[in-house]
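Residue numbers (this note's numbering): 132 to 289.
C-beta atoms are modelled at their ideal positions from N, C-alpha and C, and glycine is treated no differently.
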């Protein structure tokens with residue numbers, strides 16, 4: 132005769148076996164959404180480093196051609212960046228039908244650290260991106276301010 136403890140253990144095992152079997156039957160298969168992520172652009176090391184004083188407003192533009200994006204709907208962009216200029220920003224633009232469309236913007240001290248984000252590409256995307264770095268600070272103490280970006284990687288997501 133089974134004691135109460137053995138009955139509880141047996142009941143729990145039967146319930147767990149039923150749940151596992153029900154979750155893995157052919158009518159309810161385990162599936163995963165396969166996402167194809169491919170590295171299409173890489174700039175290892177320093178992409179750019181800007182230095183200036185409070186009264187200087189520096190802008191650098193980079194054009195990145197990505198001809199591999201024939202059937203791509205979105206991008207994953209990863210980089211490391213840092214600044215001590217509270218009004219600095221980093222922007223990415225996509226060219227669509229001869230217009231620049233901003234697809235990402237990060238400002239101020241939130242720039243600091245590693246960034247990874249996914250963006251959808253606009254309709255009519257023309258296979259190139261523009262990266263814009265702006266260095267500026269609101270406080271003028273005579274010190275120099277910095278903005279840097281490094282290890283830029285761009286992936287296509289299909």
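Under 7 Å Cβ to Cβ from residue 248, same chain only, skipping five residues before and after it: list those, please. Counting only Cβ-Cβ distances below 7 Å, and skipping sequence neighbours, we find 208, 235.
Going by the DSSP bridge assignment, what does residue 209 pair with across the sheet? 247, 284.
Comparing alpha-carbon positions, which option in 196, 210, 233, 277 lies nearest residue 239? Comparing Cα positions, the closest option is 277.
Candidates 257, 190, 237: closest to residue 222 by CA position: Residue 237 is the option with its Cα nearest to residue 222.
Bridge partners - residue 232, DSSP secondary structure assignment: Paired residue(s): 225.
Between residue 180 and residue 282, is the Cβ-Cβ spacing less than 8 Å? Not in contact: residue 180 and residue 282 (Cβ atoms no closer than 8 Å).
Is the beta carbon of residue 264 closer than 8 Å to that of residue 206? Contact: no.
Quick one: what's residue 180 bridged to in DSSP? Answer is 279.
Cutting at 6 Å between CB atoms, please list the residues of its own chain near residue 256, excluding the five before and the five after it. Its chain contains 225, 227 as the residues whose beta carbon lies nearer than 6 Å to that of residue 256, once the 5 sequence neighbours on both sides are disregarded; these appear in chain order.
For residue 213 versus residue 266, is the C-beta spacing smaller than 8 Å? Going by beta carbons, residue 213 and residue 266 fall outside the 8 Å limit.
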